[in-house]
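Reading the sequence shown from the start, the letters are residues 81 to 386 in this note's numbering.
Backbone N, C-alpha and C define an ideal beta-carbon position, used for all residues, glycine too.
None of the values given here were measured: they were computed from a predicted structure.
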Amino acid sequence: MMYDVREPHAAYDPNVIDIVCVTDSNYAPHFVSLLKSIEAGKGAEKIRVHAILDSVDEARFSKIAETATGLEIHPYHVADHKALKLPPILHISRATYLRLIMAELLPQDISRVIYLDIDMVVTGSLAELWSTDLKGMACGAVQDAFVDPTNFARQHELPSAGTYFNAGVLLIDLEAIRATDALSHALDMLLAAPEKYEFADQDALNKIFWENWSPLDAKWNFQRLFLWEGCDYTSSVPLAQALPRIIHFTESPKPWQAAEWHPYAWLYWKYLRRTPFLEEVMQREKVSWLRLLKFWLKFHLKKPRS
């Protein structure tokens, strides 16, 4: 079932950017690396981060908040919610499902948000993304580089003309979402039949918003497969000419793992080094200082020159 969530856009403050992220205690260091990258890239705009937390104790959250002092961070501790009954899949923790309850958690006067996955680095200001015209749609996203939309449409009995998006970056008209309770419908679909959704809540969100989302420039969610020839979006953000604004380390390995090969992996470590979590991640993932040097060299050899 699809939901028509095209509503008139609510007014929002162009100078205050509201960001939503979800994390658990294990992913907290990666969340902080993302926060430090947002902090480094921001301009004059104020940024409020709404952190929806699964099993992150007060001491660990305080450590997070004290690290990113240039941002205003609001915690939402969640326990015993039905969303947490859904199973983790692959490298995705159960915390990811908590984005489906953002509409019920965030204050009603917040009408627009940017949702960001944790496995990302931001390389500049998000003001341009924040002010993007959604053209009457309830959300904006970047096409997914992996999932075949034709197969997805067939599996879920949807019109074949639709396109499948990656849900790692979403620009959301929260007022329009609330008007139809679209996120709650997505959660209920998952709870009723989780086995039908290979990519969990991303699949559910695509089913809900099928043919009803606004495409964003690929620079706002530069996925791993965009590095490969033959990907539809490869030419959108040429690797040699422009640094994408949001780098999304989709699939495995992740940049905090020693086996990672991504040319931009160093950026994750660049920002993690500015936090108290560096040693924790290096020890847990068995990443040596020599490996960090290799990440640094690869980035500086491959990074755009312009």
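Presumed contact (8 Å Cβ cut-off) between residue i and residue j, rounded CB distance
| i | j | result |
| --- | --- | --- |
| Val-249 | Trp-300 | 6 Å |
| Met-217 | Asn-292 | 6 Å |
| Ser-205 | Gly-150 | Actually they are not in contact, since the Cβ atoms of Ser-205 and Gly-150 sit about 13 Å apart, beyond 8 Å. |
| Ile-294 | Leu-214 | Inspection of the sequence shows that residue 294 is occupied by Ser rather than by Ile. With 8 Å as the limit, Ser-294 and Leu-214 qualify as a contact, their Cβ atoms being about 5 Å apart. |
| Val-136 | Asp-104 | 7 Å |
| Leu-251 | Leu-296 | 7 Å |
| Asp-134 | Leu-114 | About 16 Å separates the two Cβ atoms, so there is no contact after all. |
Delimiting residues of the beta strand (DSSP E) encompassing residue i
| i | result |
| --- | --- |
| Gly-248 | 245-253 |
| Pro-155 | 152-158 |
| Val-361 | No beta strand (DSSP E) holds Val-361; the alpha helix (DSSP H) holding it covers 358-365. |
| Lys-126 | 126-134 |
| Ile-327 | 326-328 |
| Arg-192 | 192-196 |
| Ala-221 | 219-223 |
| Thr-149 | No beta strand (DSSP E) holds Thr-149; DSSP gives it neither H nor E. |
Residue i versus the options, residue with shortest Cα-Cα distance
| i | options | result |
| --- | --- | --- |
| Gly-220 | Ala-108, Leu-196, Val-201 | Leu-196 |
| Tyr-156 | Ala-148, Ile-172, Ile-169, Glu-138 | Glu-138 |
| Pro-229 | Ala-131, Trp-349, Asp-283 | Asp-283 |
| Lys-378 | Val-361, Trp-341, Tyr-348 | Trp-341 |
| Val-102 | Ala-345, Asp-189, Asp-224, His-154 | His-154 |
| Glu-360 | Asn-95, Ala-108, Pro-94 | Ala-108 |
| Tyr-244 | Gln-223, Thr-260, Ala-256 | Gln-223 |
| Glu-152 | Glu-119, Ala-159, Tyr-344, Glu-184 | Glu-119 |
Residue environment, residue i, which counts as buried when at least 16 other CB atoms sit within 10 Å
| i | result |
| --- | --- |
| Ser-332 | exposed |
| Ile-335 | One point to set straight first is that residue 335 is Pro, not Ile, in the sequence displayed. The residue is buried, with at least 16 neighbouring Cβ atoms inside 10 Å. |
| Lys-350 | buried |
| Ser-211 | exposed |
| His-328 | buried |
| Leu-347 | buried |
| Lys-116 | buried |
| Glu-275 | exposed |
| Ala-124 | exposed |
| Ser-240 | exposed |
| Lys-162 | exposed |
Spatial distance of residue i from residue j (CA atoms)
| i | j | result |
| --- | --- | --- |
| Gly-242 | Phe-302 | 21 Å |
| Leu-178 | Ile-198 | 13 Å |
| Pro-384 | Phe-357 | 28 Å |
| Leu-271 | Leu-166 | 7 Å |
| Leu-307 | Arg-325 | 15 Å |
| Lys-126 | Ile-97 | 6 Å |
| Arg-258 | Asp-268 | 15 Å |
| Ile-99 | Ser-368 | 33 Å |
| Thr-147 | Trp-290 | 39 Å |
| Leu-323 | Ile-194 | 20 Å |
| Arg-192 | Asp-93 | 9 Å |
| Phe-232 | Val-201 | 28 Å |
| His-89 | Ala-338 | Bear in mind that a pLDDT of 45 at His-89, under 50, signals an unreliable position, so the number given afterwards is only what the model happens to contain. Whole-angstrom Cα-Cα distance: 44 Å. |
| Ala-247 | Asn-95 | 25 Å |
| His-380 | Ser-142 | 34 Å |
| Pro-168 | Asp-253 | 27 Å |
| Gln-235 | Ala-345 | 35 Å |
Endpoints, the alpha helix (DSSP H) within which residue i is located
| i | result |
| --- | --- |
| Thr-39 | Any question about residue 39 goes unanswered here, given that the chain covers just 81 to 386. |
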